[in-house]
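Worksheet: the structure to be examined is printed underneath.
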Amino acid sequence: MAKTTFEADTTKITSKELLNSAREFFLRSEANKNAVLVDNINSPNLGSSDLLFVNEAKTNVTAVRLDHGIDGEGGEKFIISSISYYLWLKQVVSASEVFLDRKRRLEMFLVSQDFSDSIHFLMGNLPSGLEIHLVKYRVLEIEGLDEIAIYFQHISFERPSRDKRIKGLRGRQEETPESPEISDQELREFNRLKKIYLE
Amino acid sequence: MVASKKKKRGLEEISHLFLSRQRILEKEEGPGENETGTSGDKVPLLIDQTVRDTSPVGHNLAIVFSSSSSLFAEKSFLACNLAVELAKRGSSVALIETTIRVPNTFYLLGPLFSPDATEPLRPINIFDNDRKCIKAFFWEQGLDDVDSFAIISELSRESEFVIINALPEISLLREMLCSLNSLFIVPTTARSEQLLNSYRLIKKISQQMTCEEVALLVIDEGFSLNPDAAFGLLKDMAHKFLECEVQFWGSIPKGPEFFRSIFRRTPLLLENHTSPISKALGNLADLIVKKAHLNETDLPWQKQLLKQTQQK
Chain U
119 MAKTTFEADT TKITSKELLN SAREFFLRSE ANKNAVLVDN INSPNLGSSD LLFVNEAKTN
179 VTAVRLDHGI DGEGGEKFII SSISYYLWLK QVVSASEVFL DRKRRLEMFL VSQDFSDSIH
239 FLMGNLPSGL EIHLVKYRVL EIEGLDEIAI YFQHISFERP SRDKRIKGLR GRQEETPESP
299 EISDQELREF NRLKKIYLE
Chain F
99 MVASKKKKRG LEEISHLFLS RQRILEKEEG PGENETGTSG DKVPLLIDQT VRDTSPVGHN
159 LAIVFSSSSS LFAEKSFLAC NLAVELAKRG SSVALIETTI RVPNTFYLLG PLFSPDATEP
219 LRPINIFDND RKCIKAFFWE QGLDDVDSFA IISELSRESE FVIINALPEI SLLREMLCSL
279 NSLFIVPTTA RSEQLLNSYR LIKKISQQMT CEEVALLVID EGFSLNPDAA FGLLKDMAHK
339 FLECEVQFWG SIPKGPEFFR SIFRRTPLLL ENHTSPISKA LGNLADLIVK KAHLNETDLP
399 WQKQLLKQTQ QK
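Residue numbers (this note's numbering), protein chains in the order written: chain U, 119 to 317; chain F, 99 to 410.
Written out as structure tokens, the structure is:
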């Protein structure tokens with residue numbers, strides 16, 4: 119049986135509560151199965167992440183920035199400053215790869231209560247090299263519970279990345295089980311059948 | 099259920115999985131014990147055994163609508179109107195919406211919602227009759243995790259039909275087909291670029307969901323392109339390269355009623371139209387009902403379930 123829930127005022131939660139809930143959310147997610155929380159890396163000019171995770175092999179770095187919405191930073195300003203920080207952190211991570219002789223992947227999750235249409239458009243058209251994801255949170259009051267709940271929702275995008283477009287122009291030669299593309303043989307057969315059926 | 103009891107629980111304890119049956123099971127079974135009896139923090143998948151055991155065969159049909167993103171409005175329109183038509187016939191229907199992008203099914207059903215209904219599970223009463231009710235559920239996180247599986251299991255237990263308006267990039271758990279009767283419906287047009295997209299999607303469904311049958315709905319845009327030809331092309335492609343079979347479930351004429359329904363945010367079938375598109379949707383509902391009441395051995399997903407059970 120589903121519980122009755124009500125949207126609650128975001129001011130009912132503090133920044134610390136949001137931070138704690140986000141930490142639990144990311145630690146429990148399947149993608150961060152073996153991740154551990156480490157100290158944030160501060161940029162001299164571009165701020166810092168709110169949470170930073172690395173996996174056991176230290177090959178995946180996951181930064182999380184939270185927009186609590188009460189300090190007046192605003193959604194789009196939050197995104198711009200976060201992308202700036204991400205690009206700076208990517209340079210730091212790339213520099214460390216040279217010393218450690220190990221490839222590292224950097225992801226960033228931006229957590230906010232709401233994202234505007236322009237942010238959706240921007241994120242949907244980000245280059246494929248920038249692994250930035252949006253997570254929306256909702257503050258809910260749930261029937262039968264004394265405390266309010268924070269509910270996190272990952273927002274996914276279809277990104278028409280440059281790589282995909284180039285692959286499409288080449289006739290989709292690569293094929294992976296995760297994202298089935300069409301082989302040359304299939305494309306040839308499709309074009310043959312198209313002439314028979316549609317022309 | 100846990101919700102009915104007044105319990106003091108920490109914020110972090112419920113922030114992530116407050117709708118998850120996995121957590122409920124963990125709580126009932128004690129820490130470190132999951133459904134399969136092995137210890138560990140995470141359960142990779144919650145197979146709802148009760149659904150498998152108690153669901154009458156041929157009922158509880160999960161209908162998954164999926165198409166390329168360029169047919170977003172058409173897919174939502176079909177999912178929404180099919181839900182209304184089945185509810186009108188007296189069936190209990192659950193509708194799961196997975197995207198915030200409009201026009202989604204929630205947008206199309208918009209005026210039917212009461213203005214203060216903000217809870218994720220929204221019952222929509224049709225014709226002021228409690229029996230004719232659609233339970234609409236908003237699930238934005240995708241269908242590829244344990245939580246969504248628990249929700250779908252729960253809804254399918256209560257409803258004869260579960261209609262899922264899915265995104266093209268969404269992947270479903272393979273095990274979902276073992277415990278739920280899932281039918282994938284792929285709407286497409288007869289345009290060649292759309293057919294190529296649809297073939298790619300059918301391939302994905304076939305490979306990732308071990309699906310043996312996909313139902314094809316061709317949206318007739320009124321050009322000279324023939325729906326039968328579109329079906330023939332995809333059927334031949336699937337026959338040659340895929341292990342699943344493509345079945346033709348008819349064509350839907352995309353007339354002015356389609357656009358009017360979207361602009362007015364009113365499901366077409368609420369108004370008892372006699373237009374060609376209404377008739378086509380009625381035929382689609384007939385096929386769905388017929389499919390749900392076929393004999394056990396006639397359904398490919400049940401053959402698959404039987405095969406898997408025998409293998410175990």
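Virtual Cβ for every residue (Gly too), placed ideally from N, Cα, C.
Treat the numbers as computed from the prediction; the structure is a model and nothing was measured.
Chain-ordered neighbours of residue i on chain F, where CB pairs are closer than 7 Å
i, result
"E307 (chain U)", "M335 and K338"
"K312 (chain U)", "S290 and L331"
The beta strand (DSSP E) enclosing residue i, as first and last residue numbers
i, result
"F227 (chain U)", "R223 to S230"
"F259 (chain F)", "F259 to N263"
"R310 (chain U)", "Note, R310 (chain U): premise wrong, no beta strand (DSSP E); alpha helix (DSSP H) at D302 to L316."
"E311 (chain F)", "E311 to D318"
Residue from the options with nearest C-alpha to residue i
i, options, result
"W206 (chain U)", "U:H251, U:F233, U:L164 and U:D235", "U:L164"
"D127 (chain U)", "U:N243, U:H238 and U:H186", "U:H186"
"N381 (chain F)", "F:Y205, F:S359, F:A390 and F:W347", "F:W347"
"K173 (chain F)", "F:R199, F:E310 and F:A185", "F:R199"
"F339 (chain F)", "U:N173, U:E317, U:Y315 and U:D302", "U:D302"
"A44 (chain F)", "F:I249, F:E343 and F:T197", "This structure gives no information on residue 44 (chain F), because the portion of chain F shown stretches from 99 to 410."
"E194 (chain U)", "U:K221, U:V229 and U:A213", "U:V229"
"T129 (chain U)", "U:E304, U:E259 and U:I237", "U:E259"
"I375 (chain F)", "F:S167, F:S166, F:S168 and F:N179", "F:N179"
"A313 (chain F)", "F:S167, F:L253 and F:I303", "F:I303"
"A175 (chain U)", "U:F239, U:K134 and U:R223", "U:R223"
"S166 (chain F)", "F:F321, F:L294, F:A383 and F:H337", "F:L294"
"I283 (chain F)", "F:A390, F:S168, F:A177 and F:A171", "F:A177"
"E299 (chain U)", "F:E291, F:L207 and F:Y297", "F:Y297"
"A264 (chain F)", "F:V162, F:L385 and F:T287", "F:V162"
"G320 (chain F)", "F:A390, F:A288 and F:F329", "F:A288"
Same chain, Cβ closer than 8 Å to residue i, five either side skipped, listed in chain order
i, result
"L170 (chain U)", "L155, V156, D157, N158, I159, V179, T180, A181 and V182"
"S161 (chain U)", "Y203, W206 and L207"
"E225 (chain U)", "N178, V179, T180, A181, E249, I250 and H251"
"K282 (chain U)", "Low local confidence applies: a pLDDT of 41 at K282 (chain U) is under 50, so the model's placement there is unreliable, and no value is given."
"F144 (chain U)", "N150, A153, L169, F171, T180, V182 and F227"
"L379 (chain F)", "L176, N179, L180, E183, I350, L366 and L367"
"L299 (chain F)", "S164, S165, S166, P266 and V284"
Same chain, Cβ closer than 7 Å to residue i, five either side skipped, listed in chain order
i, result
"R141 (chain U)", "L155 and L169"
"Q268 (chain U)", "According to the sequence as given, residue 268 (chain U) is Ile; it is not Gln. For I268 (chain U), where only same-chain residues beyond five positions count, the Cβ hits under 7 Å are I131, L136, S139, Y255 and V257."
"K333 (chain F)", "V344"
"F204 (chain F)", "E195, A234 and F236"
"S189 (chain F)", "E258 and F259"
"L184 (chain U)", "L136, L137, A140, D168 and V229"
Contacts that residue i makes with chain F (C-beta to C-beta distance below 8 Å)
i, result
"L244 (chain U)", "Going along chain F, no residue has its Cβ under 8 Å from L244 (chain U), so there is no contact; the nearest lies around 16 Å."
"E225 (chain U)", "Neighbours of E225 (chain U) on chain F: none; closest Cβ ~17 Å, over 8 Å."
Cβ neighbour criterion (16 or more within 10 Å) applied to residue i
i, result
"D232 (chain U)", "exposed"
"K388 (chain F)", "exposed"
"P325 (chain F)", "buried"
"P365 (chain F)", "buried"
"K301 (chain F)", "buried"
"P142 (chain F)", "Model confidence at P142 (chain F) stands at a pLDDT of 27, short of 50, so the residue's coordinates are unreliable; what they give is reported in the following sentence. Its Cβ having fewer than 16 others within 10 Å, P142 (chain F) is exposed."
"P354 (chain F)", "exposed"
"E341 (chain F)", "exposed"
"S236 (chain U)", "exposed"
"V210 (chain U)", "exposed"
"F361 (chain F)", "exposed"
Extent of the continuous alpha helix (DSSP H) run through residue i
i, result
"L193 (chain F)", "Note, L193 (chain F): premise wrong, no alpha helix (DSSP H); beta strand (DSSP E) at V191 to E195."
"S139 (chain U)", "S133 to R146"
"A270 (chain U)", "Reading the sequence as shown, one finds Phe at residue 270 (chain U) and not Ala. Note, F270 (chain U): premise wrong, no alpha helix (DSSP H); beta strand (DSSP E) at I266 to I273."
"N381 (chain F)", "P374 to A390"
"R358 (chain F)", "P354 to R362"
"D326 (chain F)", "P325 to F339"
"A181 (chain F)", "F170 to K186"
"R298 (chain F)", "S290 to Q306"
"S236 (chain U)", "D235 to G242"
"F204 (chain F)", "T203 to L206"
Amino acids of chain U, ordered along the chain, whose beta-carbon sits closer than 9 Å to that of residue i
i, result
"A327 (chain F)", "I314, Y315 and L316"
"L169 (chain F)", "Near L169 (chain F) there are no residues of chain U at all, since even the closest Cβ is about 13 Å away, more than 9 Å."
"L382 (chain F)", "In chain order: nothing, as chain U lies at least about 23 Å away."
"L367 (chain F)", "Going along chain U, no residue has its Cβ under 9 Å from L367 (chain F), so there is no contact; the nearest lies around 26 Å."
Within chain U, partners of residue i - CB distance below 7 Å
i, result
"L314 (chain F)", "Under the 7 Å cutoff, chain U gives no residues; its nearest Cβ is about 14 Å from L314 (chain F)."
"L323 (chain F)", "L316"
"L193 (chain F)", "Correct list: empty, because the minimum Cβ distance to chain U is about 14 Å."
"L379 (chain F)", "Residues of chain U passing the Cβ test: none, with the nearest at roughly 26 Å."
Partners in chain F for residue i, counting only beta-carbon separations shorter than 9 Å
i, result
"E194 (chain U)", "Correct list: empty, because the minimum Cβ distance to chain F is about 18 Å."
"E249 (chain U)", "Chain F residues near E249 (chain U): none, gap ~16 Å exceeds 9 Å."
"E259 (chain U)", "Per Cβ cutoff of 9 Å: no residues; E259 (chain U) is ~10 Å from chain F at best."
Residues of its chain near residue i, where Cβ-Cβ distance is below 6 Å and the 5 sequence neighbours each way are ignored
i, result
"S359 (chain F)", "L366"
"P201 (chain F)", "A171, S174 and I360"
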